[in-house]
Amino acid sequence: MRGIYTAGVLDVLGEHGIGFDGVAGVSAGAIHGASFLAGQHGRSIRFYLAFCRDPRFMGMKSWMSTGNFVNDDFCYRDIPENLVPLDYAAFEQNGTPFYIVATDIESGEPHYMLAKTLRGDAMKALRASASLPFVSKFVEYDGKRLLDGGTSDSIPIRFMMNSGYDKNVIILTQVDGYRKKPEMNEIYRFCYRQYPKYIAAMQSRHQRYNAVLDEIHALESDGDAFVFRPSQKIKIRRLERNPARILAMYELGRHDALARLDDLKAFMAHQ
């Protein structure tokens, strides 16, 4: 749920008419990016607060009955189609290239998907990107078996630069100075023993993540990146169900975006 910070930042940018030539999203960032491109400011925090304690949204009941801690049908069908509708037409008409990142568990490599629509089967791209290991089943899409994009490419700045985006706005969800620690454990080794390349990707994730943070600092120093980071630490779990903590993280994103809005506009004016 730390990713709700991203939604706070994006909502402020959208409310002030700020858009981009291209957008890439990973895991929750991809979900919030979809709402941003559909022009639906506030949509993400509405459904998070409305359903974070709803057993239909996530919890042990869903995990035991479906194999997914976050209920896929409820999250990726019922919410966007009926409960808090995603404006599919507005998303499609926006036209901004939107890249969703997942991890191919057979190769251990990132899989980048250009999403021109999110209707029907295409919604699986978002599902895959946000399907956390161990608590989610893999998603079969694009001829691949996919899980959370954070394992292979948590912050796809290199992909965007290789795609021709020389100047980038980056939203991080950890405070400045954060360094990821190794998080591999025997449960993961057992669960994914048939996918040795995925296990290898999980083992080395912290090294890639920290290397990208170093690269982002260099890009920021050179004036090639504008970076939003939480200005303070907020205690929040990966699968947080406390609405007060979720709202606090979202409001921090809004606060930080508003505080640096003029600086962002100046950065973008010199592109």
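Every position in the sequence shown, counted from 1, becomes a number in the numbering used here once 1 is added.
Note that the Cβ used here is the ideal one computed from N, Cα and C, for glycine as well.
- Under the DSSP assignment, residue 161 falls outside any beta strand (DSSP E), being part of the alpha helix (DSSP H) whose first and last residues are 158 to 163.
- Only residues of its own chain outside the window of five on either side were considered, and among them 153, 198, 199, 201 and 202 have a CB closer than 7 Å to the CB of residue 109, listed in chain order.
- Here DSSP, grouped into helix, strand and coil, assigns residue 81 to helix.
- Taking the C-beta atoms as reference points, residue 38 is found nearer than 8 Å to residue 92.
- DSSP places residue 250 in the helix class (H, G or I) of the three-state scheme.
- Each residue's CA atom was taken as its position, placing residue 12 and residue 230 some 15 Å apart.
- Between residue 26 and residue 15, the C-beta gap is not smaller than 8 Å, which leaves the two residues out of contact.
- If you draw a 10 Å sphere on the C-beta of residue 125, you find 16 or more other C-beta atoms in it, and that means buried.
- Residue 187 sits in a helix when the DSSP states are folded into three classes.
- Residue pairing by DSSP puts residue 104 in a beta bridge opposite 111 and 148.
- Looking at the DSSP output, residue 226 sits in a beta bridge with 169.
- Taken in chain order, the complete beta strand (DSSP E) segments of 3 or more residues contained in the segment 17 to 101 are 24 to 27.
- Around the beta carbon of residue 191, a 10 Å sphere encloses fewer than 16 other beta carbons of the protein chains shown; the residue is thus reported as exposed.
- DSSP places residue 142 in the uninterrupted beta strand (DSSP E) bounded by 140 to 142.
- For residue 203, the enclosing alpha helix (DSSP H) stretches over residues 197 to 204.
- In this structure, the straight-line span from the alpha carbon of residue 137 to that of residue 2 is close to 16 Å.
- Of the candidates 266, 241, 240 and 237, 266 places its Cα closest to the Cα of residue 228.
- Excluding its 5 nearest sequence neighbours in each direction, residue 220 has C-beta neighbours in its own chain below 6 Å: 226, listed in chain order.
- The residues 63, 72, 75 and 79, in chain order, have a CB closer than 8 Å to that of residue 57 in the same chain once the five nearest residues on each side in sequence are set aside.
- Under the three-state reduction of DSSP output, residue 4 falls in the coil class, being neither helix nor strand.
- A straight line joining the alpha-carbon of residue 207 with that of residue 69 spans about 25 Å.
- When the five nearest sequence neighbours on each side are left out, no beta carbon in the same chain lies closer than 6 Å to the beta carbon of residue 186.
- For residue 216, the secondary structure class from DSSP, reduced to helix, strand or coil, is helix.
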